[in-house]
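For reference, the structure is listed below as structure tokens.
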Amino acid sequence: MSAEENDLDARAAEWGVEPVLAALAEADATSPPPSIRTVVLERVAATPRLLAEPLLPADLYESRVEALRSLLAVLDNDDWHRQAAPYEWSVHGLVAHLLVIERYSAALLGLGEMPAGDTDDHLALGRDVIAAEIGGSPLATAQNWSHAAQAIIDHARSKGFDPNAPMAMHGWPFSVSSGLVARAFELWTHVEDICRATSHGAIPASSRELRTMSSFSVSSLPFLLPSVDPELVMAPTRVVLTGPGGGTFDIGGRGERAALVVADVVDYCRVVARRIEPTELSRTVEGDTRLVSGLLEASRAFAV
Amino acid sequence: MCSRTRGRALDFAAVFETTVDWEQQLVARIEVGDDAALATIYDQYGALVHGIASRLVGTDAAADICQEVFVALWNQPDRWDPGRGSLRTFLAMIARRRAIDHLRSSGRRTANEQRAHRAAPAIVPNVDEAALALVAGDGIRVALAALPGPQRRAIELAYFKGLTFRQVAEATGSTEGTAKSRIRLGLRRLGEQLSITDSVAWQ
């Protein structure tokens, strides 16, 4: 501020009279020429906001693996036996399930054998393995899971790793990159589950992690919408996810905007993970509310 | 402006509370790059910002200041601290500071004579907020007129003309300390009369 120290504006805050000055200005309000609005919005459009840079899928996956490792390392015996809602499994059982899913993912990448069971049924896959792990020690299960995850990380760091290769998970036609993001999303969800079950403090995802996960989810919404309601037609929609790691996404093509939805990025990710119902999501919607409801329902398609 | 709300009583506290939430959500949207949120804020406060600048520097320069204020909000939304006051107040103060800078750097007198007549926008996104502001504005004008003459004159020179305390003192034939004291006392009295000081209904 270059207002001189000996003038009213320099002292207004100190004196607590800024609201009085703003009120005095009200009578002077004059509509600016319409061209100013246009110029302002053009200048704004020319200076896009610098947001958290998305991570590479392999980096996101590794980061979430590290988060879960650090959490498991501090669990005590009671923690391992607490129920990990919304599942009937204990925390131990949930980590055994993750072990199965890491092995399943590794098998899709050509690493190791496919676990026994219906590969389209995420929760039923590898039941025998889960039962065997639960019969053993939690620390051994944690170690087995960590090794399985590390094999995927090592593969993603290896020469010849192809992030664009197909990786069809549970019937979803993912690429390897998309598959790793989906896996990271699951790890983020279960870290939250375990923290909740054990009353450990939350391990918040970084803004770059949230940005990567939310971008992945929002960009898939137009493709997922028909699976929710074939009668719904995708139309230009703005999705605004607020908070660190959020962003502004225009999906559904160009043209006049049919809908706008604003929500907190972490809460949105919880909807995607089926930890919050779409109807429970605190949000602002403008325009086509039915379309927005359909998109929020569609956002949960990958969660199991 | 706000004719829809003139015929009914405003619940000041409720409107203020919802306005704060509304402003915070819009700024949160700006922080993640939503230009539609900035357009909404412009539609709500553009006339205020333009009016402040027009009074001090005339309509031509006011157009530039108006642009600068909103582009600055886009570039640095975190400069607004909701704990210190409303977005309306924040933008008003930024507009004044920029206008006074312009005035002093150009060496010009205030441009009252160049001002357009009041022509506030017919449509604003948040009608209740605008109505509250209008009521506060009307009330404070009445309160200003009721101030003791020396206080009112000192405020008019400092606020509407953008004069420094020293210039106010010269214009009123008083000392700088007296001019400053009159302005401060007068403004505090306005704030008390309208219950719009620090933490009351209108921030």
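Line by line, the protein sequences give chains A and B.
This note's numbering numbers the first residue of the first sequence as 906 and each following residue consecutively.
This note's numbering numbers the first residue of the second sequence as 274 and each following residue consecutively.
The C-beta atom is built at its ideal place from N, Cα and C for all residues, glycine as well.
Where residue i sits in the DSSP three-state scheme
i	result
residue 1180/A	coil
residue 413/B	helix
residue 438/B	helix
residue 994/A	coil
residue 1167/A	strand
residue 1077/A	strand
residue 988/A	strand
residue 1030/A	coil
residue 366/B	helix
residue 1067/A	coil
residue 983/A	helix
residue 1192/A	strand
residue 1118/A	helix
residue 480/B	With chain B covering 274 to 476 only, the question about residue 480/B has no answer from this structure.
residue 401/B	helix
residue 1134/A	coil
residue 307/B	coil
residue 390/B	Residue confidence is low: residue 390/B scores 47 on pLDDT, short of 50, so the model does not pin down where it sits. Its coordinate-derived value is still stated next. DSSP places residue 390/B in coil when its eight states are reduced to three.
residue 1111/A	coil
residue 912/A	strand
residue 1207/A	coil
residue 464/B	helix
residue 1024/A	coil
residue 953/A	coil
residue 421/B	coil
residue 968/A	helix
residue 1211/A	The requested residue 1211/A is not part of the displayed model; chain A covers only 906 to 1209.
residue 1038/A	helix
Residue i versus residue j - alpha carbon distance
i	j	result
residue 938/A	residue 1128/A	42 Å
residue 366/B	residue 1106/A	41 Å
residue 945/A	residue 346/B	11 Å
residue 1075/A	residue 1169/A	29 Å
residue 1146/A	residue 355/B	20 Å
residue 1125/A	residue 340/B	37 Å
residue 387/B	residue 942/A	Legend: pLDDT at residue 387/B = 47, less than 50; position of this residue unreliable, value from coordinates given subsequently. One C-alpha to the other measures close to 21 Å.
residue 416/B	residue 1090/A	59 Å
residue 414/B	residue 1175/A	50 Å
residue 1062/A	residue 335/B	57 Å
residue 1007/A	residue 974/A	14 Å
residue 1166/A	residue 1150/A	17 Å
residue 1031/A	residue 310/B	48 Å
residue 455/B	residue 428/B	8 Å
residue 947/A	residue 1162/A	18 Å
residue 466/B	residue 1143/A	44 Å
residue 1079/A	residue 295/B	39 Å
residue 920/A	residue 337/B	29 Å
residue 368/B	residue 342/B	6 Å
residue 1138/A	residue 1192/A	14 Å
residue 390/B	residue 305/B	Bear in mind that a pLDDT of 47 at residue 390/B, under 50, signals an unreliable position, so the number given afterwards is only what the model happens to contain. So the alpha carbons of these two residues sit roughly 37 Å apart.
residue 312/B	residue 950/A	11 Å
residue 1082/A	residue 364/B	44 Å
residue 1084/A	residue 968/A	15 Å
residue 326/B	residue 1097/A	51 Å
residue 911/A	residue 442/B	11 Å
residue 1140/A	residue 1164/A	8 Å
residue 977/A	residue 1041/A	16 Å
Residue(s) in a DSSP beta bridge with residue i
i	result
residue 1152/A	1146/A
residue 1072/A	1079/A
residue 294/B	In DSSP, residue 294/B forms no bridge with anything.
beta-carbon residue i near the ligand HEM non-hydrogen atom, thresh 7 Å
i	result
residue 1115/A	Judged by which ligands are present, the structure shown has none, so any question about the ligand HEM falls away.
Chain A contacts made by the segment 450-466 of chain B, where a contact means CB separation under 9 Å:
Within the segment 450-466 of chain B, the qualifying residues are 453, 456, 457, 460, 461, 463 and 464.
Inter-stretch contact at 8 Å, needing at least 3 Cβ pairs: the segment 1018-1038 of chain A / the segment 1057-1069 of chain A:
Below 8 Å, too few C-beta pairs join the segment 1018-1038 of chain A and the segment 1057-1069 of chain A to call them touching: fewer than three.
The segment 958-972 of chain A touching the segment 396-415 of chain B, judged by at least three CB pairs closer than 8 Å:
Too few Cβ pairs lie closer than 8 Å, so no.
With three or more C-beta pairs closer than 8 Å as the rule, is the segment 420-427 of chain B touching the segment 300-316 of chain B?
The answer is no - the segment 420-427 of chain B does not touch the segment 300-316 of chain B, with fewer than three Cβ pairs under 8 Å.
Does the count of Cβ pairs from the segment 1096-1113 of chain A and the segment 1153-1161 of chain A closer than 8 Å reach three?
No: the two stretches stay apart, fewer than three of their Cβ pairs being nearer than 8 Å.
Short-range partners of chain A found in the segment 332-346 of chain B, where Cβ spacing is below 7 Å
Hits within the stretch, in order: 336, 339, 340, 343 and 344.
contact_flag[the segment 1045-1055 of chain A, the segment 915-927 of chain A] where n(CB pairs < 8 Å) is 3 or more
The segment 1045-1055 of chain A is not in contact with the segment 915-927 of chain A.
Using a Cβ-Cβ cut-off of less than 9 Å, give me the residues of the segment 1104-1132 of chain A that come near chain B, in sequence order.
Listed in sequence order: no entries.
Please name the residues in the segment 938-961 of chain A whose beta-carbon is closer than 9 Å to at least one beta-carbon of chain B, in chain order.
Closer than 9 Å at the C-beta level to chain B, one finds these residues of the segment 938-961 of chain A: 938, 940, 941, 942, 944, 945, 946, 948, 949, 950, 952, 953, 954, 955 and 956.
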